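> Provided herewith is a single structure, encoded as structure tokens, for subsequent inquiry.
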DNA sequence: GTTCTGCCGACTGTCGACAATCGTCAGGTC
DNA sequence: GACCTGACGATTGTCGACAGTCGGCAGAAC
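Residue numbers (our numbering), protein chains in the order written: chain A, 1044 to 1293; chain B, 1044 to 1293.
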């Protein structure tokens, strides 16, 4: 359920200000405060709730109700919902509103297959990019892997899955193609939604770290085929783990 | 410029009806008429205008003006524009409205690189799918290629580019992964927008048919490496043709 | 008992209006 | 002349209200 924790910071229309007053002396300390539209903030809030599995699949999200809970008009709510529909986190039925998307096993296979497409290509491009690109990528990935190790010790499922996905997002980002980033972020969100709403056993921490470590090693060594196979295996394994089944043609 | 050719079919809010009255006898002849929201129709109209290069890059698209031209309120126009912003066909500046997206050479390389990611993966999956999948794919692709030949004889640039892209869309669709389809359709639209607003010389008809023919042959034969290389070469060539430059790392 | 019809409540799709924001430009100050 | 300041016009972001559409249910017809 949606909680009314979020509040519109200033009444009335238009922008918002999180005014950060500073001492008169050091003006350089001015922090640029968040300038986001109401709809963007609602969208992010809802997106996070979906991603973290706090909303059940199929749960209807009525514009009126959300608008009341958040004390805003329906217009920005509507806009936010539309964004999430385009990201396939919500499904929309004509004249009957939107509801939280449900993912079937076949959806999960599609998502992981599409992720494989993008990650593999990104990995190839990073290797094409030469030693410099490879080094930057491996550094960034190792940093994420370190944070994954910490999260594993803490045992917070959502944090673990979030950082796991961040690892893959970092890999894609290292290819330096914003179109790939955009496409991947949609798949990443769907993946997290799937993981976090299924309360299945996570792979052991060592497995997770090892699998990602293999990717980094192959990348660092510039072994293209090893890397591509590792990515494919890693994703296939994760998908079969989630669906509890073997890969299907569709 | 936007023209006021489009008209809202029924005044007032809600749905539309293209009422198709039928003879009382054969009720099975009932055609389900188009049920699209106003915003969807506006979105498609604008999308087509952008794709066909009828709107200059950078041209501002004020909500008020479009709403007046189309004789609707700003709400559905706003919704339509937002959809196109998410598809990266328009760019939005906070409090200053949206304008037609401009594509730099680096954008074009990104687009073609991302297309390469998806097409290559789709091609691989089609081959993985076995002879049946391959046969269906090659049949569909040959049909599109035939239509490309006809369009080439007619010499309509926009039709040629549209069918060219349809060939690639068909290839991706043959992999049977709707996520890939969605991602590709965005890239496809951007590609067409780039092609149709640049008035550069098209490759000769024979070149175009031959290049696509090579893809079909490799696919039909199940020669994975040949196919992947052909896709990569085809796209790289097209991108360098569009940008008039060599591939850059970014 | 089954099938159809018409009503009901809830919600969306659309509308017109208002307020905040932005870029521009004239006017004042040093 | 260069710089800052304030007002102006245009446009977006947001709001409240209304009409259309949908699923469900009671009641009539057979």
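Ideal placement from N, C-alpha and C gives every residue a C-beta, glycine not left out.
All values derive from a computational prediction rather than experimental measurement.
In the DSSP assignment, find the unbroken beta strand (DSSP E) run with residue 1133 of chain A in it and report its ends.
Segment 1133 to 1136, the beta strand (DSSP E) holding residue 1133 of chain A.
> Work out the CA separation of residue 1116 of chain B and residue 1055 of chain B for me, nearest whole Å.
Note on residue 1055 of chain B: pLDDT 34, under 50, position unreliable in the model; the coordinate value appears next. Taking the straight line joining both Cα atoms gives about 10 Å.
> Are the region 1226 to 1238 of chain A and the region 1147 to 1159 of chain A in contact at 8 Å, needing three or more beta carbon pairs?
Cβ pair count under 8 Å is three or more, so yes.
> Excluding the 5 residues preceding and the 5 following residue 1188 of chain A in the sequence, name in chain order all residues of the same chain whose CB lies nearer than 8 Å to its CB.
Excluding residues within five positions, the ones whose Cβ falls inside 8 Å are 1210, 1252, 1255, 1256, 1259.
> If the cut-off is 8 Å on Cβ atoms, which residues from the region 1142 to 1162 of chain B count as contacting chain A, listed in chain order?
Listed in sequence order: 1153, 1154, 1156, 1157, 1159, 1160, 1161.
> Measuring only the C-alpha atoms, how far is residue 1266 of chain B from residue 1157 of chain A?
Looking at the two C-alpha atoms, the distance is approximately 22 Å.
> Provide the residue(s) that pair with residue 1140 of chain B in DSSP beta bridges, ordered along the chain.
Residue 1140 of chain B pairs with B:1136.
> Listing by chain order, which chain B residues have their CB less than 9 Å from the CB of residue 1126 of chain A?
Those within 9 Å of residue 1126 of chain A in chain B are 1125, 1129.
> Taking the CB atoms as reference points, tell me whether residue 1161 of chain A and residue 1123 of chain A lie closer together than 7 Å.
No, the Cβ-Cβ distance between residue 1161 of chain A and residue 1123 of chain A is not below 7 Å.
> Kindly say whether residue 1179 of chain A, judged by its beta-carbon, lies nearer than 7 Å to any beta-carbon of chain B.
Residue 1179 of chain A does not count as touching chain B.
> Going straight from the alpha carbon of residue 1104 of chain A to that of residue 1231 of chain A, what length do you get?
About 22 Å.
> Report yes or no: is there a C-beta of chain A within less than 7 Å of the C-beta of residue 1211 of chain B?
Taking Cβ atoms only, chain A never reaches closer than 7 Å to residue 1211 of chain B, which makes this a no.
> Measure the alpha-carbon distance for residue 1273 of chain A versus residue 1177 of chain B and round it to whole angstroms.
Approximately 26 Å between the Cα atoms of the pair.
> I'd like the list of long-range same chain contacts for residue 1120 of chain B, defined as Cβ closer than 8 Å, with 5 residues on each side in sequence excluded.
The residues are 1082, 1085, 1106, 1109, 1110, 1113.
> Anyone know if the C-beta pair for residue 1165 of chain B and residue 1218 of chain B falls short of 7 Å?
Yes, they are a contact pair.
> Whose Cβ in chain A lies nearer than 7 Å to the Cβ of residue 1208 of chain B?
Within 7 Å Cβ-Cβ: nothing; residue 1208 of chain B doesn't reach chain A, min ~16 Å.
> Between the Cα of residue 1250 of chain A and the Cα atoms of A:1275, A:1281, A:1221, A:1263, which residue gives the shortest distance?
Considering only alpha carbons, the answer is A:1281.
> Between the C-alpha atoms of residue 1141 of chain A and residue 1128 of chain A, what's the straight-line distance to the nearest angstrom?
Answer to the nearest angstrom: the Cα atoms are 8 Å apart.
> For chain B, check one thing: does any of its Cβ atoms lie closer than 7 Å to the Cβ of residue 1270 of chain A?
Not closer than 7 Å to any Cβ of chain B, the Cβ of residue 1270 of chain A fails to qualify, so no.
> Quick check: residue 1184 of chain B and residue 1248 of chain B, are their CB atoms within less than 7 Å of each other?
Result no, Cβ atoms of residue 1184 of chain B and residue 1248 of chain B do not sit closer than 7 Å.
> Let me see if you follow: with CB-CB separation under 7 Å, is residue 1139 of chain B close to chain A or not?
No, its Cβ sits nowhere closer than 7 Å to a Cβ of chain A.
> So the alpha helix (DSSP H) residue 1210 of chain A belongs to, where does it begin and stop?
Element bounds for residue 1210 of chain A: 1200 to 1216.
> Return no unless some Cβ of chain A is closer than 7 Å to the Cβ of residue 1164 of chain B.
Yes, residue 1164 of chain B lies at the interface with chain A (some Cβ there is under 7 Å from its Cβ).
> Taking buried to mean at least 16 other C-beta atoms within 10 Å of its own C-beta, is residue 1175 of chain B buried or exposed?
Burial call: exposed.
> Considering only the alpha carbon of each residue, which of B:1200, B:1074, B:1220 lies closest to residue 1172 of chain B?
Closest option to residue 1172 of chain B, Cα to Cα, is B:1220.
> Under a CB-based cut-off of 7 Å, is residue 1239 of chain A close to chain B?
No, no contact with chain B.
> By the criterion of Cβ-Cβ separation under 8 Å, what are the contact partners of residue 1117 of chain B in chain A?
What residue 1117 of chain B touches in chain A: nothing, since even the nearest Cβ is about 10 Å away.
> Residue 1180 of chain B and residue 1169 of chain B look like a contact to me (Cβ under 8 Å); what is the Cβ gap, rounded to whole Å?
Residue 1180 of chain B to residue 1169 of chain B, Cβ: 5 Å. Contact.
> Leaving out the 5 sequence neighbours to the left and right, which residues in its chain are closer than 7 Å to residue 1099 of chain A when beta-carbon positions are compared?
Around residue 1099 of chain A: 1143.
> What does a CB cutoff of less than 6 Å around residue 1216 of chain B pick up in its chain, not counting 5 residues either side in sequence?
Only 1224 meet the Cβ criterion.
> Opposite residue 1278 of chain A in the DSSP bridges: which residues?
BP columns for residue 1278 of chain A are empty, so no partner.
> Would you mind giving the Cβ-Cβ distance between residue 1078 of chain B and residue 1137 of chain A, rounded to the nearest angstrom? I have them listed as a contact below 8 Å.
Their Cβ separation, rounded to whole angstroms, is 7 Å, which keeps residue 1078 of chain B and residue 1137 of chain A in contact under 8 Å.
> For chain A, check one thing: does any of its Cβ atoms lie closer than 7 Å to the Cβ of residue 1223 of chain B?
At least one chain A Cβ lies under 7 Å of residue 1223 of chain B.
> DSSP on residue 1246 of chain B, reduced to helix/strand/coil?
It is coil, neither helix nor strand.
> Inspect the beta-carbon positions of residue 1130 of chain B and residue 1229 of chain B and report whether they are closer than 7 Å.
It is a contact, given that the beta carbons lie within the stated cut-off.
> What separation, rounded to the nearest whole angstrom, lies between the Cα atoms of residue 1269 of chain A and residue 1263 of chain A?
Their Cα atoms are separated by approximately 11 Å.
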